[in-house]
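What follows is a set of notes on a single structure, which appears directly below.
Residue numbers (this note's numbering): 1 to 46.
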């Protein structure tokens, strides 16, 4: 039980880092997806 209590703060810190990463990536993601799809579509057409 003590082990889990010691592990909780680390888990919350990783979750916060993950949340900030999602917050940064989400607004930019459509542009990244568009840049990824464009060469693939061009290669499929050619």
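Beta carbons are placed, not taken as given, at the ideal position from N, Cα and C, and that holds for glycine. Bear in mind the structure is a predicted one, so any value in this text is a computation, not a measurement.
Rounding to the nearest angstrom, what Cα-Cα distance links residue i and residue j in this structure?
i: residue 13; j: residue 31; result: 29 Å
i: residue 29; j: residue 2; result: 40 Å
i: residue 21; j: residue 9; result: 18 Å
i: residue 11; j: residue 25; result: 21 Å
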